[in-house]
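Trainee:
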Amino acid sequence: MKDNVKVGLLGLGTVGTGVVKMIQNHQEQLVHQVGCPVSIKKVLVKNPDKVRDVELDSSLLTTDPYDVINDPEIDVIVEVIGGIEETRKYIIDALNSKKQVVTANKDLIALHGSELQKIAAENGCDLFYEASVAGGIPIIKGLADGLASDKIQKMMGIVNGTTNYILTKMTKDGLSYETALKDAQDLGFAEADPTSDVEGLDAARKMAILARLAFSMDIELDDVSVSGISSVTKDDLKYGSMLGYTMKLIGYADQENDRAEVSVQPTFLENDHPLASVHDEYNAVYVYGEAVGETMFYGPGAGSLPTATSIVSDVLAVVKNMRLGVNGRSALAPQFDRQLKAANERFAKYFIRLHVRDEVGAFSELTKLFSSHSISFEKILQLPLEEEGVAEIVIVTHNASMENYQNVLSQVKDLDVVKGVESFYRVEGEGTAK
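Counting from 1, position 50 in the sequence shown corresponds to residue 126 in our numbering; the numbering is continuous, with no gaps.
(1) Could you pull out every residue in the same chain whose Cβ sits closer than 6 Å to the Cβ of Thr385, ignoring the five residues on either side in sequence?
(2) When you compare only the Cα positions, how much space is there between Val308 and Glu337?
(3) With distances taken from CA atoms, which of Gly159, Leu408 and Glu275 is nearest Asp294?
(4) Let me check you understand the geometry: is the CB of Gly84 closer than 8 Å to at least one non-hydrogen atom of the ligand NAP?
(5) Note down, in chain order, each residue of its chain lying with its Cβ closer than 7 Å to the Cβ of Lys245, except the 5 sequence neighbours on either side.
(6) Kindly indicate the opening and closing residues of the beta strand (DSSP E) around Val177.
(7) For the stretch 325–342 against the stretch 224–232, do three or more pairs of beta-carbon atoms, one drawn from each stretch, fall closer than 8 Å, so that the two count as touching?
(8) So what does Asn359 bridge to, in DSSP terms?
(9) Taking contact to mean at least 3 C-beta pairs separated by less than 8 Å, is the stretch 132–141 in contact with the stretch 108–124?
(10) Please state the DSSP three-state secondary structure of Gln482.
(11) Which of helix, strand or coil does DSSP assign to Thr163?
(12) Which term fits Asp492, buried or exposed, when burial requires 16 or more other beta carbons within 10 angstroms of its beta carbon?
(13) Expressed to the nearest angstrom, what Euclidean distance is found between the alpha-carbon atoms of Val497 and Leu430?
(14) May I ask you to verify whether the stretch 467–475 touches the stretch 431–440, counting CB pairs closer than 8 Å and requiring at least 3?
(15) What is the rounded straight-line gap between the Cα of Lys97 and the Cα of Asp356?
(16) Fully enclosed by the stretch 366–452, which beta strand (DSSP E) runs are 3 residues long or longer?
(17) Whose C-alpha, out of Phe500, Ile167 and Asn240, is nearest the C-alpha of Val152?
(18) Are the beta-carbon atoms of Ala419 and Asp226 separated by less than 9 Å?
(19) Name the two residues that bound the continuous alpha helix (DSSP H) containing Gly89.
(20) Grab me the residues of Tyr205's own chain with a C-beta within less than 6 Å of its C-beta, minus the 5 sequence neighbours each way, in chain order.
(21) Distance check for Ala210 and Tyr374, CA to CA, integer angstroms please.
(22) Quick check on the DSSP output: the beta strand (DSSP E) that includes Ala329 runs from which residue to which?
(23) From which residue to which residue does the beta strand (DSSP E) around Gly496 run?
(24) For Val156 and Phe439, what's the separation of their Cα atoms in angstroms?
(25) Would Asp249 be called buried (16 or more neighbouring beta carbons within 10 Å of its own) or exposed?
(26) Could you check the C-alpha separation between Gly84 and Ile145 for me, to the nearest Å?
(27) Alpha carbon to alpha carbon, how far is Glu479 from Asp129? Give it in angstroms, no decimals.
(28) Could you tell me if Arg405 is buried or exposed, where buried requires 16 or more neighbouring beta carbons within 10 angstroms of its beta carbon?
(29) Any idea what DSSP makes of Arg128, helix, strand or coil?
(30) Do the CB positions of Leu106 and Val114 come within less than 9 Å of each other?
(31) Sort Gly505, Ser380, Pro270 and Gly158 by Cα distance to Thr90 and report the nearest one.
(32) Since Asn359 contacts Gly237 with CB under 8 Å, what's their CB separation in whole angstroms?
(33) Taking Ile216 and Leu289 to be in contact with their CB atoms under 8 Å, please state how far apart those CB atoms are, rounded to whole angstroms.
(34) Kindly indicate which three-state DSSP category Leu286 falls into: helix, strand or coil?
(35) Which two residues bound the contiguous alpha helix (DSSP H) that contains Pro342?
(36) Would you mind sorting Pro148 into buried or exposed? The rule is 16 or more other CB atoms within 10 Å of its CB.
Here's what the structure looks like:
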């Protein structure tokens, strides 16, 4: 039995620094948790001479990843360098060298998680990735362990802090999208190139990981339909507020009869929905289980120490498995074949904002079109515009199939009375949709 577990770190950026600090500063607690010391043996860095916010002997630093991967004394590799193809090779080589692996790499796990889990199992190794989704929130363990006995039917998540911060500022402070984005960049909540965040790609990767785990189905990243927040306007939020809604970028996953749907899109939530009160850079994941009903996981979705907390928690889980001799036995192959819902099996309410000629019979034409596709109206808001003879009409539908909704959208703009389709979004109710 190991009397000192040694960790090799690939990367010493913001998160890697947090991992080192936690291992150094929480040593007494770690020994109590796992029965032996846990120490840093080697760290991959780009520049060994860089001044860092952590104390590490220079002999522990290397610029060669294989000084870490091939070190026979290292038991656990922690990967926090990011990237996909090169990092995938490092992790495969580490697993083939019988190293346990902990990663925070959502891009890699979303694209290659199933392959890497298979390689880990073949080598009797653990591959844990709690920090890849929602930073410091233990949602992976919550699904894999805490809710393992239940059948997860639905998940909705705010899993990107950048977009949640932007939408919060637009909603609460009346900022434009552009101003709120710059504010987020100035505070370090958004990258210089925010595309991955604001166009929903980051959230899509996380939802693919969650859906794969929750539904025991090999969901691929390409299975996630994605739209971002860059086209959301202050007018959209104003009209949504008038109807009792709050806008969030929502990752959505649902399964019925072993058929799944997964999406990321700007969504209007009724104000009493549990996720509507999650503000600024915070994340939350709402889970509906067949037995447990509604649960919600909430907390910081990013940051050095919150993310490091999840990583070190995974390291402790690995060490406990090492001491029990059960590494590599926790990964399960998907239980169900990958089956996705067709457009006529996916149902939701929808918010549609139109500019319409303000004339007799205009609304009748709209009603006739929607009715022909079996879509009825739950809420209607009509307001005059400064442009003479034009009205703003906001419609919230009752539940409708995506197929019928898409058909209406493709046809409504061709009506003579419609001057433009300004925006359209999904709408979710106060909690469970079951």
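Built from N, CA and C at the ideal position, the CB exists for glycine as well.
Mentor: Let's see:
(1) Same-chain partners within the cutoff: Gly212.
(2) Cα to Cα, the separation comes out at about 24 Å.
(3) With distances taken between Cα atoms, Asp294 lies closest to Leu408.
(4) By its list of ligands, the structure shown contains no ligand whatsoever, and the ligand NAP lies outside what it can speak to.
(5) Within the same chain, and ignoring the five residues on either side of Lys245 in sequence, the residues whose Cβ sits closer than 7 Å to its Cβ are Leu251, Ala256 and Asp259.
(6) Note, Val177: beta strand (DSSP E), Gln176 to Thr179.
(7) Verdict: yes, contact present.
(8) DSSP lists Gly375 as partners of Asn359.
(9) Touching, yes.
(10) Secondary structure at Gln482: helix, using DSSP grouped into helix, strand and coil.
(11) Residue state, collapsed to three classes: helix.
(12) Asp492 should be labelled exposed.
(13) Going from the Cα of Val497 to the Cα of Leu430 covers about 5 Å.
(14) In short, these stretches touch, since the Cβ pair count reaches three.
(15) When rounded, the distance between both Cα atoms is 26 Å.
(16) Whole beta strand (DSSP E) segments, 3+ residues: 369–376 and 423–433.
(17) The residue with the shortest Cα to Cα distance from Val152 is Ile167.
(18) No, the pair does not count as a contact, with Cβ atoms beyond the cut-off.
(19) In the DSSP annotation of this structure, Gly89 is not part of any alpha helix (DSSP H), being labelled neither H nor E.
(20) Around Tyr205: Thr179 and Ile185.
(21) Going from the Cα of Tyr374 to the Cα of Ala210 covers about 9 Å.
(22) That run of the beta strand (DSSP E) goes Tyr321 to Glu332.
(23) Looking at the DSSP string, the run of the beta strand (DSSP E) that includes Gly496 is Val494 to Glu504.
(24) CA-CA distance, Val156 to Phe439, rounds to 56 Å.
(25) By the neighbour-count rule (16 or more Cβ atoms within 10 Å), Asp249 is not buried but exposed.
(26) So the alpha carbons of these two residues sit roughly 8 Å apart.
(27) Answer to the nearest angstrom: the Cα atoms are 54 Å apart.
(28) Exposed, because fewer than 16 other Cβ atoms sit within 10 Å of the Cβ of Arg405.
(29) Coil, per DSSP.
(30) Yes, these two residues count as a Cβ contact at 9 Å.
(31) Nearest of Gly505, Ser380, Pro270 and Gly158 to Thr90, Cα basis: Ser380.
(32) Contact flag correct, Cβ pair sits at about 6 Å.
(33) Indeed they touch by this definition, with Cβ atoms about 7 Å apart.
(34) Here Leu286 sits in helix by DSSP.
(35) Not the alpha helix (DSSP H): Pro342 falls in the beta strand (DSSP E), residues Arg335 to Glu346.
(36) For Pro148, the number of other beta carbons within 10 angstroms of its own is below 16, and it is reported as exposed.
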